[in-house]
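In this note's numbering, the protein residues as written are 14 to 98. Note that beta-carbon positions come from the ideal geometry of N, C-alpha and C, so glycine has one too. Only one structure is covered here, and it is reproduced in the block below.
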């Protein structure tokens with residue numbers, strides 16, 4: 014699943030790949046499994062887990078999920094909500 018998610022984010026116009034495990038969303042608002050999460054500065058994919066981070070709170074993630082529990086991922090853009098996964 015982690016390779017599939019990396020490929021989806023790599024090919025999505027709203028995310029920039031920093032390295033194999035880190036992606037930066039173009040907009041700071043995401044919807045993860047139906048829950049709105051604001052101020053996401055980057056996403057890390059490590060050891061079958063997706064971690065949503067904020068630059069001002071680096072001691073712990075804003076949200077962390079095992080990849081098997083990730084059902085949907087959307088991004089809030091100027092043009093509306095766009096489905097990523």
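**Prompt:** From the DSSP output, which residues share a beta bridge with residue 38?
**Reply:** 28
**Message:** By alpha-carbon positions, which one of 68, 79, 39 and 73 ends up nearest to residue 87?
**Reply:** The shortest C-alpha separation from residue 87 is found at 39.
**Prompt:** If you drop the 5 nearest sequence neighbours on each side, which residues of the same chain put their C-beta closer than 8 Å to that of residue 27?
**Reply:** Cβ within range, chain order: 38, 39, 40, 88, 90, 95 and 97.
**Request:** Determine the DSSP secondary structure at residue 22, reduced to helix, strand or coil.
**Result:** helix
**Message:** On the DSSP bridge list, what partners appear for residue 57?
**Reply:** 35 and 64
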